[in-house]
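In our numbering, the protein residues as written are 227 to 389.
Quick look at the structure:
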């Protein structure tokens, strides 16, 4: 992600070591929801200079993409319930991520693929700041699609193998 510059905002928080990585032991959606609530509260209460964003990795819960996709509504509801709407948003990554109206092997799906199901908790102010600093933020998606199409499925798989 960072090496290909698919998310130009990720590099700064990575270099400053402001990403919190949490591996959940959740086996069920209910257990994952409890971990999500805990991490939302943690991010809310923590200085952004210390932790700007959290990756909640859950290798044993919601391995099926359709179940995972359904859970995203639950995740958004948790943000609302904790009164963090407008402060924190949830981005989604999954090994089988598939955008609507695409084939499973469409290279565009790889922008949201990860080795394990992952909920990315982002501070909205950080996203806004990054978008404001980027000369043409609306072009990020188009640039990513161009990069992935040039790389191709074989090139992407090679990157994953080589880490």
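Backbone N, C-alpha and C define an ideal beta-carbon position, used for all residues, glycine too.
Coarse secondary structure for residue i, derived from DSSP in three states
i           : result
residue 317 : strand
residue 373 : helix
residue 337 : helix
residue 277 : coil
residue 228 : Because residue 228 sits at a pLDDT of 49, beneath the cut-off of 50, its placement in the model cannot be relied upon, and the following sentence gives the value as read from the coordinates. Three-state DSSP puts residue 228 in coil, outside helix and strand.
residue 387 : helix
residue 302 : helix
residue 271 : helix
residue 379 : helix
Paired residues, beta bridge with residue i - DSSP
i           : result
residue 284 : None, per the DSSP bridge assignment.
residue 241 : DSSP output for residue 241 lists no bridge partner at all.
residue 344 : 283, 319
residue 294 : The partner list for residue 294 (beta bridge, DSSP) is empty, contrary to what the question assumes.
residue 355 : According to DSSP, which records beta bridges pairwise, residue 355 is partnered with nothing at all.
residue 246 : 280
residue 349 : 314
Top-ranked residue by Cα proximity to residue i, from the options
i           : options            : result
residue 290 : 321, 328, 380      : 321
residue 368 : 337, 341, 356      : 337
residue 346 : 262, 243, 238      : 262
residue 267 : 307, 385, 256, 341 : 307
residue 372 : 256, 335, 257      : 335
residue 311 : 349, 325, 341, 282 : 349
Any non-hydrogen atom of the ligand COA closer than 7 Å to residue i Cβ
i           : result
residue 313 : What this structure holds is no ligand at all, so the ligand COA is not there to describe.
query = Between the stretch 296-304 and the stretch 246-253, do three or more beta carbon pairs fall short of 8 Å?
reply = The stretch 296-304, when compared against the stretch 246-253, does not touch it at the 8 Å Cβ threshold.
query = How about the stretch 325-333 and the stretch 302-311: do they share at least three Cβ pairs that are nearer than 8 Å?
reply = Taking one beta carbon from each stretch, the stretch 325-333 and the stretch 302-311 have fewer than 3 pairs nearer than 8 Å; the two do not touch.
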